[in-house]
Amino acid sequence: MDKFLLIVAIVDAGFTDLVMDAARDHGARGGTVLHARGTGNKEMEEKFGIIINSEKEIVLILANEKICDDILKAVNEAAGLNTKGRGIAFALPCADVCGLKFD
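All residue numbers for the sequence shown refer to this note's numbering, where the first residue is 1 and numbers rise by one.
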């Protein structure tokens with residue numbers, strides 16, 4: 001049985017297409033977008049020179065562990081902290097997955 005990971009990408013609002021285009025190019029079939037609001041710390045903004053946009057979007061992608069690293073690297077290149085998307089991404093293990101059908 002294949003193992004899956006949940007990729008979570010948090011980007012500034014309006015940049016989910018960057019995440020999904022990069023993910024699809026590396027084998028992802030789709031994702032789910034959630035709207036969110038971040039909480040920035042003014043002191044962190046001043047110390048690191050990063051302006052924290054409070055309007056965020058979270059992209060959830062369930063991916064086979066075999067392609068997870070490739071997807072994470074691609075998402076970081078397309079929408080990471082050093083891009084307009086100013087995002088972060090990480091993966092979480094999934095103990096059980098049901099409802100997926102791959103041909």
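Note that CB positions come from ideal geometry on N, CA and C, so glycine has one too.
Quantities reported herein were computed from a predicted structural model and do not represent experimental measurements.
Residues sharing a beta bridge with residue i, DSSP
{"i": "Ile71", "result": "Paired residues: none, contrary to the question."}
{"i": "Lys4", "result": "As written in the sequence, residue 4 is Phe, which differs from the Lys given in the question. In the DSSP output, where bridge partners are listed per residue, Phe4 has Asn64."}
{"i": "Glu55", "result": "Arg37"}
{"i": "Thr16", "result": "Answer is none; Thr16 lacks a bridge partner."}
Assumed close pair residue i, residue j - CB separation to whole angstroms, cut-off 8 Å
{"i": "Ile71", "j": "Ala79", "result": "Their Cβ separation, rounded to whole angstroms, is 12 Å, which puts Ile71 and Ala79 out of contact at 8 Å."}
{"i": "Ala7", "j": "Ala91", "result": "A small correction: the amino acid at residue 7 is Ile; Ala does not occupy that position in the sequence shown. That pair is a contact at about 5 Å."}
{"i": "Gly87", "j": "Ala9", "result": "6 Å"}
{"i": "Arg37", "j": "Glu57", "result": "Between Glu57 and Arg37 the Cβ distance is about 10 Å, and since that is not below 8 Å, they are no contact."}
Nearest candidate by alpha-carbon position, reference residue i, set the options
{"i": "Phe15", "options": "Val33, Leu5, Cys68", "result": "Val33"}
{"i": "Gly30", "options": "Met20, Ala9, Ile67", "result": "Met20"}
{"i": "Ile67", "options": "Ala36, Leu18, His26, Asp17", "result": "His26"}
{"i": "Ala13", "options": "Leu100, Pro93, Val59", "result": "Val59"}
Alpha carbon of residue i to alpha carbon of residue j, nearest angstrom
{"i": "Cys98", "j": "Asn82", "result": "35 Å"}
{"i": "Val11", "j": "Ile61", "result": "14 Å"}
{"i": "Lys3", "j": "Glu65", "result": "6 Å"}
{"i": "Lys84", "j": "Asp69", "result": "22 Å"}
{"i": "Lys47", "j": "Asp17", "result": "30 Å"}
Residue-level contact to chain E via CB, residue i, 8 Å cutoff
{"i": "Glu77", "result": "The structure shown contains no chain E; it holds only a single protein chain."}
Sequence-distant residues of its chain with Cβ nearer than 7 Å to residue i (five each side left out)
{"i": "Asn76", "result": "Ala89"}
Residues near residue i by beta carbon distance below 8 Å, same chain, minus five either side
{"i": "Ala74", "result": "Ala22, Ala23, Asp25, His26"}
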